[in-house]
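Participant: Dropping a structure here in structure tokens format, bear with me for questions.
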Amino acid sequence: MAAALFNVYVDKNQCRAVSAGTQPADHVHPEVVESMRELGIDLTSCRPQKLSLELLQGASVLVTMGCGEACPFVPGLRTIDWMLPDPKGQSLETVRAIRNAIQERVTALIRSDCAECCLAEYR
Numbered sequence: 478m479a480a481a482l483f484n485v486y487v488d489k490n491q492c493r494a495v496s497a498g499t500q501p502a503d504h505v506h507p508e509v510v511e512s513m514r515e516l517g518i519d520l521t522s523c524r525p526q527k528l529s530l531e532l533l534q535g536a537s538v539l540v541t542m543g544c545g546e547a548c549p550f551v552p553g554l555r556t557i558d559w560m561l562p563d564p565k566g567q568s569l570e571t572v573r574a575i576r577n578a579i580q581e582r583v584t585a586l587i588r589s590d591c592a593e594c595c596l597a598e599y600r
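Numbering (our numbering), first residue to last: 478 to 600.
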């Protein structure tokens with residue numbers, strides 16, 4: 478959800494977010510797809526991928542969501558940990574609350590770090 482929201486709000490010619498996990502599922506969970514669809518974001522064609530050191534090459538910020546020691550360490554890479562519950566298997570109402578918390582954090586991150594380089598319009 479964070480990467481999708483980030484990519485909606487920024488100039489895609491300047492920066493982009495990539496979503497990956499330490500233990501990715503086979504698919505984006507239906508409750509997540511539905512909650513993002515409510516914002517006009519379609520995740521049906523997205524496929525979870527494994528977080529790797531290769532994927533992090535060229536990244537300027539790594540945002541984690543509670544992966545702890547399972548997250549890769551990259552010297553010099555700024556890491557931000559957002560302690561948020563996993564939406565997997567949660568009710569749509571709970572997933573909406575998680576989505577909204579992620580949305581607030583994404584927009585705050587963009588405002589603080591990206592305004593000069595990649596900020597587009599907020600919805």
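Cβ atoms here follow ideal geometry from the backbone N, Cα and C, with glycine treated the same way.
All of these numbers come straight from a predicted model, not from anything done at the bench.
Let me know the beta strand (DSSP E) ranges lying completely inside the stretch 519 to 576, each 3 residues or longer, listed in chain order.
Facilitator: Whole beta strand (DSSP E) segments, 3+ residues: 538 to 541, 555 to 558.
Participant: What's the C-alpha gap between T499 and G543?
Facilitator: Walking along the sequence shown from the start, residue 499 turns up at place 22. Walking along the sequence shown from the start, residue 543 turns up at place 66. Cα-Cα distance, rounded: 10 Å.
Participant: So, at 7 Å on beta carbons, what are the nonlocal neighbours of A578 in its own chain, with the 5 sequence-adjacent residues on each side left out?
Facilitator: Walking along the sequence shown from the start, residue 578 turns up at place 101. Only L561 meet the Cβ criterion.
Participant: Which whole-angstrom value describes the C-beta separation of P564 and H506, a residue pair presumed to lie in contact below a C-beta threshold of 8 Å?
Facilitator: Position 87 of the sequence shown, counted from the start, is the residue given in the question as residue 564. Position 29 of the sequence shown, counted from the start, is the residue given in the question as residue 506. The Cβ separation is near 7 Å, so the contact holds.
Participant: For G498, which beta-bridge partners are listed by DSSP?
Facilitator: Taking the first residue of the sequence shown as position 1, residue 498 is located at position 21. In the DSSP output, where bridge partners are listed per residue, G498 has K527.
Participant: Assuming V505 is part of the alpha helix (DSSP H), what are its boundary residues?
Facilitator: Position 28 of the sequence shown, counted from the start, is the residue given in the question as residue 505. Unbroken run through V505: none, as it is neither H nor E.
Participant: Under three-state DSSP, which class holds E581?
Facilitator: As a working note, residue 581 is residue 104 in the sequence shown. Residue state, collapsed to three classes: helix.
Participant: With three or more C-beta pairs closer than 8 Å as the rule, is the stretch 505 to 523 touching the stretch 534 to 551?
Facilitator: Touching, no, given that fewer than three Cβ pairs across the two stretches are closer than 8 Å.
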